[in-house]
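One structure is given below, encoded as structure tokens.
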Amino acid sequence: MVFVETKLKGAFIIEPERIADERGFFARTWCAHEFEAH
């Protein structure tokens, strides 16, 4: 996930990273470990 900091303190725009292949794509929309880091 990509966390983009905004002008509001403590607020982020969270963009999922897409992992794609011929079958389609996968994107994590929740990861407690990554959220704790921000």
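With the working numbering, the residue at position 5 of the sequence shown is 0, and numbering never jumps.
All residues carry an ideal CB built from backbone N, CA and C; glycine is no exception.
Across the structure, Cys26 and Pro11 are spaced so that their CA atoms are roughly 10 Å apart. Residue pairing for Arg13: DSSP places it in a beta bridge opposite Ala22. Put simply, of Arg23, Phe(-2), Ile14 and Phe30 the residue whose alpha carbon is nearest the alpha carbon of Phe7 is Phe(-2). In this structure, Thr24 is the residue among Gly5, Thr24 and Lys4 with its C-alpha nearest to the C-alpha of Arg13.
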